[in-house]
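Asker: Note that the working numbering numbers the sequence shown so that position 230 is 1478, with each residue one more than the last. Cβ coordinates follow ideal geometry from the N, Cα and C atoms, glycine included.
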Amino acid sequence: SAGCDLPCKEPEGIANYVQVDSTCCSLTDFLNKFEFFYPYLKTPESMERISYELCDDAAKENIRYMEIRFAPCLQAAEKVTQEDILVSVLAGLKKGERDFDIKTGAILCAYRGTEREAWEKTYALAEKYMGRGLCGLDLAGDESRFPGAPFALIFDRAKSAGIPVTIHAGEAAGWESVKEAVDVLHASRIGHGVRIAENEVFVERIRDAGIVFEICVTSNVHTGVCPDYKSHPIADFYKKGIKTTINTDDRGVSNINLTHEWDVVQTKCGLEIDDVLDMNIFSVDAAFCSPAEKKTLKDRIQTETRKIMSGLSI
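1. Please report the straight-line C-alpha distance between P1481 and F1461, rounded to a whole angstrom.
2. Just to confirm my understanding: we take T1553, look at its own chain, exclude 5 residues before and 5 after, and list those with CB closer than 8 Å. What are they?
3. May I ask you to verify whether the stretch 1252–1262 touches the stretch 1446–1455, counting CB pairs closer than 8 Å and requiring at least 3?
4. Taking all protein chains shown into account, do 16 or more other C-beta atoms lie within 10 angstroms of the C-beta of D1523, making it buried, or fewer, making it exposed?
5. Three or more C-beta pairs closer than 8 Å, one from the stretch 1329–1337 and one from the stretch 1359–1376: is that the case here?
6. Are the Cβ atoms of V1266 and K1281 separated by less than 8 Å?
7. Helix, strand or coil: which one does DSSP assign to R1380?
8. Please tell me whether M1314 and I1355 are closer than 8 Å, where the distance is taken between their beta carbons.
9. For a quick check, are the C-beta atoms of I1504 and Q1514 less than 8 Å apart?
10. Could you check how far apart the C-beta atoms of E1419 and V1473 are, in whole angstroms? I think they sit under 8 Å.
11. To the nearest angstrom, how far is it from the Cα of T1352 to the Cα of T1271?
12. Taking buried to mean at least 16 other C-beta atoms within 10 Å of its own C-beta, is S1561 buried or exposed?
13. For V1432, which residues in the same chain have their Cβ closer than 8 Å to its Cβ, ignoring the five residues on either side in sequence?
14. Since I1415 and R1455 should fall inside the 8 Å C-beta cutoff, what is the C-beta to C-beta distance between them, to a whole number of angstroms?
15. Below 8 Å, can you find three or more Cβ-Cβ pairs linking the stretch 1296–1305 to the stretch 1529–1536?
16. Helix, strand or coil for K1427 per DSSP?
17. Any idea what DSSP makes of A1354, helix, strand or coil?
18. Do A1421 and V1413 have their C-beta atoms within less than 8 Å of each other?
19. Could you compute how far the alpha carbon of N1264 sits from the alpha carbon of K1257?
20. From what residue to what residue does the beta strand (DSSP E) around T1414 run?
21. Do P1320 and L1334 have their C-beta atoms closer together than 8 Å?
22. Tell me which residue opens and which closes the alpha helix (DSSP H) that Y1286 is part of.
23. Using a 10 Å radius around the Cβ and a threshold of 16 neighbouring Cβ atoms, would you call N1468 buried or exposed?
24. Three-state secondary structure (DSSP) at G1439?
25. Between the Cα of R1443 and the Cα atoms of A1435, T1496, E1424, which residue gives the shortest distance?
26. For the stretch 1275–1354, list the beta strand (DSSP E) runs that are entirely contained and at least 3 residues long, ordered along the chain.
27. If you draw a straight line from the C-alpha of D1547 to the C-alpha of A1540, how long is it?
28. May I ask you to report which of helix, strand or coil DSSP gives Y1265?
29. Is it buried or exposed for A1409, if we count other Cβ within 10 angstroms and need 16 for buried?
30. How many angstroms separate the CA atom of G1381 from the CA atom of K1343?
31. For P1287, count neighbouring Cβ atoms within 10 angstroms of its own Cβ and tell me buried if that reaches 16, exposed if not.
32. Whose C-beta lies closer than 7 Å to the C-beta of T1507 among residues of the same chain, with five residues either side of it excluded?
What follows is the structure, given as structure tokens:
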């Protein structure tokens, strides 16, 4: 626990501090939950354990490949560097891969609202550890308060270095944030992006460019981007030809998992099982891993899917 005392010992009591409830209505409210548990994550041992246990949780859902993202500048402390945090996460993932039959990749996040020195260090780590468990670079944080343009320098470097880029955008800020992510920060994938629905011309441009959207429906409801599941644009995006994928955002804060998201997009968002299976393949195609790894993963998923569907007589 990094030397920090807990306010209570019962899991139910701790949940009130780390999970959102019906009063959450903005990204700022959502992100405030992180302020409680970050002090407990400022040791390499904590981060290694959490990464390992995440692999266990994901494998129990039959997840075969998972990319996790985090901002090491938020876990760094006086005697713990960003690199210490990254190395511990990669160690936990490596052990998790060994023990739970899952493949993983880590994505480092530069964080909006932090000092330039912090995100310069994050980028340096991305360059150093790319291909050694690290698979990409992201920009996270409150886009409604901190635009992405100041970060252009490190994402220009990432493009030159061949580091894949995904950007949190089009969530708390409008469609222009997604345009900035694609045009200025070189994103091939967008985290959330639901606000592009505000500009139909831009929707067509995104579709034609093949930009992949990492959609997190429950998170979007929790942050107030969408008032409810029924009004979420995921089905509309998919039907318009946007490469749409299903993701959890933050499993802990939203108290969900990927199985939950697969369920709600079918029961509340207007998608069918075949649509979800298509999105699963989109996810493989967009993964930040090698072509050989994608082929192996796709073959495994398709084989296992056929077996399951045959057993269900669907």
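Answerer: Let me spell this out:
1. 12 Å
2. If we look at T1553 and ignore the five residues flanking it on each side, its Cβ neighbours are L1525, N1528.
3. no
4. Looking at its Cβ environment, which holds 16 or more other Cβ atoms inside 10 Å, D1523 is buried.
5. yes
6. yes
7. coil
8. no
9. no
10. So it is a contact: roughly 6 Å between Cβ atoms.
11. 34 Å
12. Reliability fails at S1561, whose pLDDT of 46 lies under 50, so the model's placement of it is uncertain and no value is given.
13. Excluding residues within five positions, the ones whose Cβ falls inside 8 Å are G1396, A1397, A1400, F1403.
14. Not really, about 18 Å apart at Cβ, beyond 8 Å.
15. no
16. helix
17. strand
18. no
19. Each residue's alpha carbon lies about 12 Å from the other.
20. 1413–1417
21. Contact flag set, yes.
22. First-last for Y1286: undefined, no H or E at that position.
23. buried
24. strand
25. Among A1435, T1496, E1424, the Cα nearest to that of R1443 is on E1424.
26. 1313–1318
27. About 11 Å.
28. helix
29. exposed
30. The straight-line gap from Cα to Cα measures roughly 12 Å.
31. exposed
32. E1309
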